[in-house]
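Heads up, the thing below is written out as structure tokens.
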Amino acid sequence: LSSSRALPGDDAPVERRTALYRLVPTSQCEVRDGQWAFRSSAFDNSSLPGFTDEMSVILGDTLAALDRDPLDLHERFYPSDPANWGVARLEAGCVVDSGPQEVRRSPTVDERAHGDVVGAKGGGQRKRLKKCASWVFPPSRPADSG
Amino acid sequence: VSVLDDFSGAFTPSFPSSPRLYPETALSHRTTSRIQLRVGRETPAWLQSVLDRLNALSRLEAGWDGRGAQSLRQDDVVAALQFLFTVMIDGVQVPGITPLATGGLELHWVADNLDVEAVFDSARHEQVLLVEVGEAEWDAAIPAAGGLFASVVDRLMGERPTLT
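Those protein sequence lines, which keep their order, are chains A and B.
If you number the first sequence the way my numbering does, the last residue is 146 and the count never jumps.
If you number the second sequence the way my numbering does, the last residue is 1164 and the count never jumps.
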């Protein structure tokens, strides 16, 4: 099988309409009307030393070029606990407009489509990022399971 | 961190207690792993739910998000409880509580067209109350946030839609 779209180069700019996918655990959700609703804490930087200015995302344009979709991201990244993870979608343009944030490609050995949203993320910034986000699918764990 | 729901025993203030609502409340975290909380007179209705949630979150181990997240920080838990004892009044919905990757935490309340977040994030030196009503937003540093919270507290009365 050949991909219908060219694979973006590692230094290629991320277009404003590019979908960014963010894995969200149930611990950063609340239950509202019986459904998982993510909180702004889900859109925070890593705490890994050296990466504390970066929030990991999966880049939709690279996924598409690889003939993949976001529906199995939770199983790829958290195979032992996929039910506790959902996937949210943010548009790159909204992310950039939300504050001093930059979207970069940062492919890894395990994930060619890996990217980062780079910039400080205090409480106000996280709230603005949350406004950019919507579920692709929420965690499959029942929302009333405590 | 674990939070003891020990509502009896001697009153030993370890920080300036709330002068308005719960004058006999004390928090102590002299030990490294536990926060002891003692409440005189009546136990506020929201407290047990908050402690249950904090205890659940305290069981999250470092790396719980797969991206280097820290375990819950004791000083942030204490600061959040102090804030609640300062601003909560009877009838206000119990806040939701979510952890931050830094080990801090957020309290949050929601109502129609209203979203309130209190951030306790000592790793980033941030303690702030964020209030959003429709498209309008306000913020205040936690030590001076009582007035901002009070301005919306009437709209936070009653049960939250559902709480994790």
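Even for Gly, the Cβ is constructed at its ideal location relative to N, Cα and C.
Since this is a predicted model, take the numbers as computed values, not measurements.
9 angstroms Cβ cutoff, residue i in contact with chain A
i                : result
A1069 of chain B : yes
T1032 of chain B : Residue placement at T1032 of chain B is flagged as unreliable, the pLDDT there being 47, under the threshold of 50; the coordinate-derived value follows with that caveat. No - not a single Cβ of chain A is within 9 angstroms of the one on T1032 of chain B.
V1050 of chain B : no
A1101 of chain B : yes
W988 of chain B  : Since the displayed chain B opens at 1001 and closes at 1164, residue 988 of chain B lies outside it and no answer follows.
D1139 of chain B : yes
L1148 of chain B : no
L1114 of chain B : no
D1121 of chain B : yes
V1110 of chain B : yes
L1156 of chain B : no
Y1022 of chain B : For Y1022 of chain B, the pLDDT reaches just 46, beneath the cut-off of 50, and the residue's location in the model is therefore unreliable, leaving the point undetermined.
L1057 of chain B : yes
V1152 of chain B : no
Contacts of residue i in chain A (Cβ-Cβ under 7 angstroms)
i                : result
E1126 of chain B : G122, G123
Identified DSSP bridge partners for residue i
i                : result
C29 of chain A   : A:F38
T1098 of chain B : B:E1106
G115 of chain A  : A:V57, A:R105
L23 of chain A   : A:V87
W135 of chain A  : A:A88
A1111 of chain B : B:L1114
V1092 of chain B : B:M1157
Boundaries (first-last residue) of the alpha helix (DSSP H) holding residue i
i                : result
E75 of chain A   : 73-77
T62 of chain A   : 60-65
F1083 of chain B : 1074-1087
A1150 of chain B : 1146-1152
Proximity test, Cβ basis, 9 angstroms: residue i and chain B
i               : result
E30 of chain A  : yes
R17 of chain A  : no
F51 of chain A  : yes
P25 of chain A  : yes
S140 of chain A : no
D147 of chain A : Beyond the ends of chain A as shown, which are 1 and 146, falls residue 147 of chain A; an answer cannot be given.
R39 of chain A  : yes
S106 of chain A : no
CA-to-CA distance, residue j to residue i, given in whole angstroms
i                : j                : result
D10 of chain A   : L63 of chain A   : 13 angstroms
Q1082 of chain B : R112 of chain A  : 45 angstroms
R84 of chain A   : F137 of chain A  : The sequence as given places Asn at residue 84 of chain A; Arg does not occur at that position. In a straight line, the C-alpha of N84 of chain A is about 12 angstroms away from that of F137 of chain A.
A1141 of chain B : G122 of chain A  : 13 angstroms
D53 of chain A   : V117 of chain A  : 8 angstroms
A12 of chain A   : L59 of chain A   : 12 angstroms
R128 of chain A  : S98 of chain A   : 6 angstroms
L1021 of chain B : P1044 of chain B : Note on L1021 of chain B: pLDDT 40, under 50, position unreliable in the model; no value is reported.
A1118 of chain B : E102 of chain A  : 26 angstroms
L1100 of chain B : Q1074 of chain B : 13 angstroms
R1030 of chain B : L1037 of chain B : Per-residue confidence for R1030 of chain B stands at a pLDDT of 48, beneath the threshold of 50, marking its modelled position as unreliable; no derived number is given.
A1145 of chain B : R5 of chain A    : 51 angstroms
G1147 of chain B : Y21 of chain A   : 38 angstroms
L48 of chain A   : E1042 of chain B : 43 angstroms
R105 of chain A  : L1047 of chain B : 45 angstroms
Y78 of chain A   : V87 of chain A   : 12 angstroms
R17 of chain A   : R89 of chain A   : 12 angstroms
L1156 of chain B : V1131 of chain B : 12 angstroms
A143 of chain A  : A1056 of chain B : 16 angstroms
A133 of chain A  : C29 of chain A   : 13 angstroms
V1116 of chain B : V1077 of chain B : 18 angstroms
Boundaries of the beta strand (DSSP E) in which residue i is found, first to last residue
i                : result
V1128 of chain B : 1126-1133
R1053 of chain B : First-last for R1053 of chain B: 1047-1058, but that is the alpha helix (DSSP H), not the beta strand (DSSP E).
F1120 of chain B : 1114-1121
E1137 of chain B : 1136-1141
Residue i: contacting residues in chain B (beta-carbon distance under 7 angstroms)
i              : result
L48 of chain A : R1067, G1068
S56 of chain A : R1067
Cross-chain neighbours of residue i in chain B, by beta carbon under 8 angstroms
i              : result
F77 of chain A : G1066
Neighbouring residues, chain A, relative to residue i (Cβ below 8 angstroms)
i                : result
G1096 of chain B : E30, R39
Q1106 of chain B : As written in the sequence, residue 1106 of chain B is Glu, which differs from the Gln given in the question. Correct list: R39, S40, S41, G123.
S1130 of chain B : In the sequence as presented, Ser is not what sits at residue 1130 of chain B; that position holds Leu. In chain order: G123, G124, K127.
E1135 of chain B : Simply none; closest approach about 10 angstroms.
Contact list for residue i against chain A, beta-carbon separation under 9 angstroms
i                : result
L1060 of chain B : S27
E1042 of chain B : Ordered by position in chain A, no residue passes the 9 angstroms Cβ test against E1042 of chain B, which lies about 27 angstroms from the chain.
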